[in-house]
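Peer 1: Read top to bottom, the protein sequences are chains L and R.
Under our numbering, the first sequence has 44 at position 44, and the numbering climbs by one with no breaks.
With positions in the second sequence counted from 1, the corresponding number in our numbering is that position plus 1000.
Protein chains: 2
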Amino acid sequence: MKEYLQSFHLLTEDEIDTFLSKAEVYNLERGEYFIREGAISNTVAFVESGILRSFYVTPEGDEMTYCISFQNSFMTAYSSYISGLPTVENIQAITPVRLLLLQKKDIEQISETSTNGLRFAKLMAENEYMELERRVFSYQRESARERYENLLLTRPEFIEQIPLKYLASYLGITPRHLSRLRAEMI
Amino acid sequence: MKEYLQSFHLLTEDEIDTFLSKAEVYNLERGEYFIREGAISNTVAFVESGILRSFYVTPEGDEMTYCISFQNSFMTAYSSYISGLPTVENIQAITPVRLLLLQKKDIEQISETSTNGLRFAKLMAENEYMELERRVFSYQRESARERYENLLLTRPEFIEQIPLKYLASYLGITPRHLSRLRAEMI
DNA sequence: TTAATTAATGGACATTTGTCTTTTCTGCTC
DNA sequence: GAGCAGAAAAGACAAATGTCCATTAATTAA
């Protein structure tokens, strides 16, 4: 996490150490949950190793994969973290996972004492915004096949490491259709 | 704009007045542009009256409406504003529009002198994130008809006031299909 | 290692959505 | 009020995607 935080060139060494001093190690087995629907998200996880996926359940009972986090990234049910309202997301380990947990109260406390902490929180929100914008663009204008092809180009690790049934809902299509697209692309 | 800023209960009266003192009135006729593709976004517009739409052009030459802003909301090519990179968005007045413009350098200067300014910037980023999350959810799991029905419920002013050809691309469908959905819904 | 379970594939068909084009409607200008 | 231009609607057909189900492949558990 230290290297990751340094890569933004925003926080000082001391500020980074303060974050690290608050972090707790937390391990999950494959299939275990980091947060479940209905809870209020007040923890941010840094993924040291393994893969997490976030999904929500539709009224019809289908699981929709919203987000997938690999090594060296942050993961939380962000809109619940922001708003303090119960989340609709479930965040689950799809491999054994080693996390470093940061509590919201600690993050907020650092943000109150250090302007840089606040700047960093703003930067995170902005980065998340830009990532979602790319997704909106791709849903708006691309066919399912194009979305799959772009994922193959930009995030090959998704296709290599994530079960296809999760990828299908991430792309907004059915597993049947994803299987068909893959067959057509050989 | 003053009332709008007050509604967040975050900025002090003085801070709000500082923002207002930097704002410039700017009027656009129907069809005129606030920003064009390729420019770097360093201005935020508060819409005092009228309607703006943001669109980008696909490689095939189709205009895709990304975002629509009514009275009493902020509008900018946000990811370019954040990143400092050229935008892909065009922001156009679709009615005569009265704007209050805030320059990025002024906003940043206020954020440097006032922690509340920075908090406000963070809040804006978070709100934009949450709005996009809702859109991603809706593209992921809803059919075109459901997206249209939800828009009808949650943002009836969109259907009432926005040309359908713009709404179609906002929903990620063709005008032909939107017309069909509307015909089927009577 | 084998059995059991889950994931992925694929066939057959239905539904949704897109393409291309024409027609109708609406608002505007002269 | 006639004529024009752009927007919306709609017909006919094609392509994309979904549903339901059966089969095969891969994983997991005993």
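No residue lacks a Cβ here, since even glycine has one placed at the ideal position from N, Cα and C.
Quantities reported herein were computed from a predicted structural model and do not represent experimental measurements.
Going by beta carbon distance, what residues of the same chain come within less than 8 Å of ASN1116 (chain R), once the five residues before and after it are set aside?
Peer 2: Residue mapping note: residue 1116 (chain R) aligns to position 116 of the second sequence, counting from 1. The residues are LEU1010, LEU1011, THR1012, GLU1015.
Peer 1: Just to confirm before moving on: does the CB-CB distance between THR43 (chain L) and LEU99 (chain L) stay below 7 Å?
Peer 2: Taking the first sequence and counting its residues from 1, one reaches residue 43 (chain L) at position 43. Taking the first sequence and counting its residues from 1, one reaches residue 99 (chain L) at position 99. Contact flag unset, no.
Peer 1: Cα-Cα, which of R:TYR1129, R:PHE1070, R:LEU1164 is closest to PRO1096 (chain R)?
Peer 2: The residue given as residue 1096 (chain R) occupies position 96 in the second sequence. Cα-wise, what sits closest to PRO1096 (chain R) is R:PHE1070.
Peer 1: Return helix, strand or coil for THR1174 (chain R), following the three-state DSSP convention.
Peer 2: By one-based count along the second sequence, residue 1174 (chain R) stands at place 174. Looking at THR1174 (chain R) - three-state DSSP - the assignment turns out to be coil, as it is neither helix nor strand.
Peer 1: Of all the CB atoms in chain R, is at least one closer than 7 Å to the CB of GLY117 (chain L)?
Peer 2: For the purposes of this step, residue 117 (chain L) is taken as residue 117 along the first sequence, with counting starting at 1. No, no contact with chain R.
Peer 1: Excluding sequence positions up to five away, which residues of its chain have a Cβ less than 6 Å from the Cβ of ARG135 (chain L)?
Peer 2: Translated into the one-based positions of the first sequence, residue 135 (chain L) becomes position 135. Cβ within range, chain order: n/a, list empty.
Peer 1: Taking only the alpha-carbon atoms, compute the straight-line gap between ILE1110 (chain R) and GLY1050 (chain R) and give it to the nearest angstrom.
Peer 2: Here residue 1110 (chain R) is taken as the residue at index 110 of the second sequence, counted from 1. Here residue 1050 (chain R) is taken as the residue at index 50 of the second sequence, counted from 1. Looking at the two C-alpha atoms, the distance is approximately 28 Å.
Peer 1: Skipping 5 residues on each side, what residues in its chain have a beta carbon closer than 7 Å to that of GLU123 (chain L)?
Peer 2: The count along the first sequence starts at 1 and reaches residue 123 (chain L) at position 123. The displayed chain sequence assigns Leu, not Glu, to residue 123 (chain L). PHE8, LEU10, listed in sequence order.
Peer 1: Near TYR1081 (chain R), what residues of its chain come up, given a Cβ to Cβ distance below 6 Å and the 5 sequence neighbours on each side ignored?
Peer 2: If you number the second sequence from 1, residue 1081 (chain R) lands on position 81. Hits under 6 Å: SER1041.
Peer 1: Closer than 9 Å by beta-carbon distance: list the chain L residues that pair up with SER1083 (chain R), in chain order.
Peer 2: Here the question's residue 1083 (chain R) lines up with position 83 in the second sequence. Under the 9 Å cutoff, chain L gives GLU126, MET130.
Peer 1: Based on the DSSP output, what are the partners of PHE1046 (chain R) in its beta bridges?
Peer 2: Against the second sequence, residue 1046 (chain R) aligns to sequence position 46. Note: PHE1046 (chain R) sits in a beta bridge opposite R:PHE1074, R:LEU1100.
Peer 1: By the criterion of Cβ-Cβ separation under 7 Å, what are the contact partners of GLU1133 (chain R) in chain L?
Peer 2: The sequence position of residue 1133 (chain R) within the second sequence is 133, counting from 1. Residues of chain L whose Cβ lies closer than 7 Å to the Cβ of GLU1133 (chain R) are, in chain order, SER79, LEU132.
Peer 1: Going by the CB atoms, is the gap between TYR1166 (chain R) and THR1076 (chain R) shorter than 7 Å?
Peer 2: Here residue 1076 (chain R) refers to the residue found at position 76 when the second sequence is read from its first residue. Here residue 1166 (chain R) refers to the residue found at position 166 when the second sequence is read from its first residue. Not closer than 7 Å, so no.
Peer 1: Taking the CB atoms as reference points, tell me whether TYR4 (chain L) and ASN72 (chain L) lie closer together than 7 Å.
Peer 2: Within the first sequence, residue 4 (chain L) is the residue found at index 4, counting from 1. Within the first sequence, residue 72 (chain L) is the residue found at index 72, counting from 1. Yes.
Peer 1: In chain R, what lies closer than 9 Å to SER169 (chain L) by C-beta?
Peer 2: The count along the first sequence starts at 1 and reaches residue 169 (chain L) at position 169. GLN1140, ARG1141, listed in chain order.
Peer 1: On the DSSP bridge assignment, give the partners of GLU24 (chain L) in chain order.
Peer 2: Against the first sequence, residue 24 (chain L) aligns to sequence position 24. Answer is L:LEU101, bridged to GLU24 (chain L).
Peer 1: Would LEU152 (chain L) and ILE159 (chain L) qualify as a contact pair, given that the criterion is a beta-carbon distance under 7 Å?
Peer 2: In the first sequence, counting from the first residue as 1, residue 152 (chain L) sits at position 152. In the first sequence, counting from the first residue as 1, residue 159 (chain L) sits at position 159. Against a cut-off of 7 Å, the Cβ pair of ILE159 (chain L) and LEU152 (chain L) comes out as a contact.
Peer 1: Identify every residue that forms a DSSP beta bridge with LEU1052 (chain R).
Peer 2: To locate residue 1052 (chain R), count along the second sequence from 1; it is residue 52. R:SER1069, R:ALA1093.
Peer 1: What are the boundary residues of the beta strand (DSSP E) that includes PHE1034 (chain R)?
Peer 2: Counting from one through the second sequence, the residue named residue 1034 (chain R) turns up at place 34. Following the DSSP letters along the chain, one finds PHE1034 (chain R) inside the beta strand (DSSP E) bounded by residues 1033-1035.
Peer 1: Identify the contact partners of LYS1122 (chain R) in chain L, using a Cβ-Cβ distance below 7 Å as the criterion.
Peer 2: Here residue 1122 (chain R) is taken as the residue at index 122 of the second sequence, counted from 1. Going along chain L in sequence order, the residues near LYS1122 (chain R) (Cβ under 7 Å) are LEU118, ALA121, LYS122, ALA125.
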